[in-house]
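To start, the structure itself, in structure tokens.
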Amino acid sequence: MNTPDSPSAASAHAALQELRSQAEKRKSLLTQSLSEGLPEDVQRLVQDLQVHQIELEMQYEELLLAQAELETMRAQYVDLYDFAPVGYFSLDLHGVITQLNLKGSQQLSSVRQRLIGRRFAWFVDPEYRAEFQELLLRVQASEQRQTLELILRREDGTVFYALLEGLAVAREPEAQPTHCRVVVIDITRQHEAKKALEASEARFRRLFEHSSDAVVLLQDNYYLDCNTAAMQLLAALDREEVVGHHITDFFPERQPDGTLSLQLINAVVQEAMRQGSAKMELLMQRITGEEVWVEAVITLFALQNKAPCCTWPGAT
Numbered sequence: 001m002n003t004p005d006s007p008s009a010a011s012a013h014a015a016l017q018e019l020r021s022q023a024e025k026r027k028s029l030l031t032q033s034l035s036e037g038l039p040e041d042v043q044r045l046v047q048d049l050q051v052h053q054i055e056l057e058m059q060y061e062e063l064l065l066a067q068a069e070l071e072t073m074r075a076q077y078v079d080l081y082d083f084a085p086v087g088y089f090s091l092d093l094h095g096v097i098t099q100l101n102l103k104g105s106q107q108l109s110s111v112r113q114r115l116i117g118r119r120f121a122w123f124v125d126p127e128y129r130a131e132f133q134e135l136l137l138r139v140q141a142s143e144q145r146q147t148l149e150l151i152l153r154r155e156d157g158t159v160f161y162a163l164l165e166g167l168a169v170a171r172e173p174e175a176q177p178t179h180c181r182v183v184v185i186d187i188t189r190q191h192e193a194k195k196a197l198e199a200s201e202a203r204f205r206r207l208f209e210h211s212s213d214a215v216v217l218l219q220d221n222y223y224l225d226c227n228t229a230a231m232q233l234l235a236a237l238d239r240e241e242v243v244g245h246h247i248t249d250f251f252p253e254r255q256p257d258g259t260l261s262l263q264l265i266n267a268v269v270q271e272a273m274r275q276g277s278a279k280m281e282l283l284m285q286r287i288t289g290e291e292v293w294v295e296a297v298i299t300l301f302a303l304q305n306k307a308p309c310c311t312w313p314g315a316t
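Structure, rendered in structure tokens:
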């Protein structure tokens, strides 16, 4: 909406001032052009009529300016509402569609005339209809925006994943809600990306668990997880003996050459962070106290973040 300080409002105000200035000049000229030979009461009547005519012209011009400004505002409304990248729906308290924008009709693969008057729930996948009805109840009972992820079915039967954001609206402040505004956001791509990530993590988990090599995940120099082969290498009976422990708990304080084990491990982890992977040989200490030499291969694996993944292919 235009404000008094906006460019369009300022230009309209300037134009109006110009019209008034011109009207005042015309009024002055008309007053001077009256014939001095006319009776005074006739002169006054003619002058009043001419001034009234000028005022009417000014009012008409003001109306034209107001209409132009209203048209500008309507065009802005169309841009913001009708051509928005998300669907906007107005529903009555029973979930019947009373208004929607162009994007909303495109999302449901229909035209507005066919959608207005129909229950929105008809386009909700049957599996989610109960949750959608609960959403409507939550919206009507709260002043806060309520959300729900579900599957919507288009008019042609195809489906897409959507995020709904609903808010109750009343005609008067402090009055009871009269309808609901619902924003529909297509999240199909996000959902597919999430499923692909979950599938990737599941594949990694299977490889991780069934690998014949000892594999551990590290985070901030602590063991985040380990597979069965790593437990066997460390002589651990269960994961709790490994997970949560500091990385140096299974190494002597110093390596045979006098280098601090933590210093050596950190240096290799930093190299892996820079290059993607790194390798080292070092002396390890099992839970039983037995010492073994291992070749450690450290790589980066992105689950929720880039956590170093350490593989011990063999021990001697």
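Residue numbering for the sequence shown is 1 to 316, as defined by UniProt numbering.
Here a beta-carbon is modelled for each residue, glycine too, at the ideal position from N, C-alpha and C.
Keep in mind it's a predicted model, so treat the numbers as computed, not measured.
| Check | Outcome |
| --- | --- |
| The region 251 to 258 in contact with the region 270 to 278 per 3-pair CB rule at 8 Å | no |
| Which listed residue (Arg-145, Ile-116, Ile-151) has its alpha carbon closest to that of Ala-130 | Ile-151 |
| Asn-101 classed as buried or exposed, judged by whether at least 16 other C-beta atoms fall within 10 angstroms | buried |
| 8 Å CB neighbourhood of Gln-176 in its chain, flanking five on each side removed | Ala-170 |
| Validate contact between the region 181 to 200 and the region 224 to 232 using beta carbons, cut 8 Å, 3 pairs | no |
| Candidates Cys-180, Arg-74, Cys-309: closest to Leu-207 by CA position | Cys-309 |
| Within 8 Å, strictly: CB atoms of Thr-147 and Glu-165 | yes |
| Whole-angstrom C-beta distance between Phe-120 and Gly-95, which should lie under 8 Å | 5 Å |
| Cut-off 8 Å between Cβ atoms - residues of its own chain near Tyr-81, not counting five sequence neighbours on either side | Tyr-88, Asn-101 |
| Candidates Ala-272, Leu-233, Ile-265, of which the one nearest Pro-313 by Cα | Leu-233 |
| For Pro-4, the three-state DSSP class (helix, strand or coil) | Since pLDDT at Pro-4 reaches only 44, below the 50 mark, its modelled position is unreliable, and no value is offered. |
| Cβ-Cβ distance between Gln-133 and Ala-168 below 8 Å | no |
| Length of the line joining the Cα atoms of Leu-300 and Tyr-222 | 15 Å |
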